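Take a look at the structure below.
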């Protein structure tokens with residue numbers, strides 16, 4: 002089942018950039034600040050989409066040689082945001098395309114279109 006989530010990127014005081022997926026990036030930012038003991042300097046988040054992990058994976062592929070550890074990268078925040086925006090606009094699914102997302106009405110129309118021919 003697909004989850005409706007955002008892709009986000011944050012920058013720490015040293016200029017390292019992290020990319021992640023979450024339903025509440027602002028809360029994740031606060032958790033990271035608490036765990037790491039510093040304030041996040043900048044943050045960008047996309048709108049919600051149904052394929053956030055696919056978006057993230059494509060962005061990460063472009064920066065794999067700049068990986069520091071985990072989801073942290075030695076890349077400028079502006080470059081990461083630019084890549085994330087471009088990738089999001091190219092492949093983000095804003096509607097649920099999984100079978101679970103279509104509902105009964107979709108399947109009724111698909112398998113019995115004759116029942117809906119006179120609808121406007």
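Residue numbers (the numbering used here): 2 to 121. Cβ coordinates follow ideal geometry from the N, Cα and C atoms, glycine included. No experiment lies behind these values; they were computed from the predicted model shown.
Out of the options, which one is the CA nearest neighbour of residue i?
i: residue 28; options: 97, 46, 17; result: 46
i: residue 14; options: 44, 71, 25; result: 44
Taking the DSSP output, what are the residues bridged to residue i?
i: residue 74; result: 18, 68
i: residue 8; result: 22
i: residue 46; result: 9
Give the DSSP-derived three-state secondary structure of residue i in the structure shown.
i: residue 33; result: helix
i: residue 27; result: helix
i: residue 55; result: helix
i: residue 91; result: helix
Determine the burial state of residue i: buried for a count of at least 16 other Cβ atoms within 10 Å of its Cβ, exposed for fewer.
i: residue 81; result: buried
i: residue 96; result: exposed
i: residue 69; result: exposed
i: residue 9; result: buried
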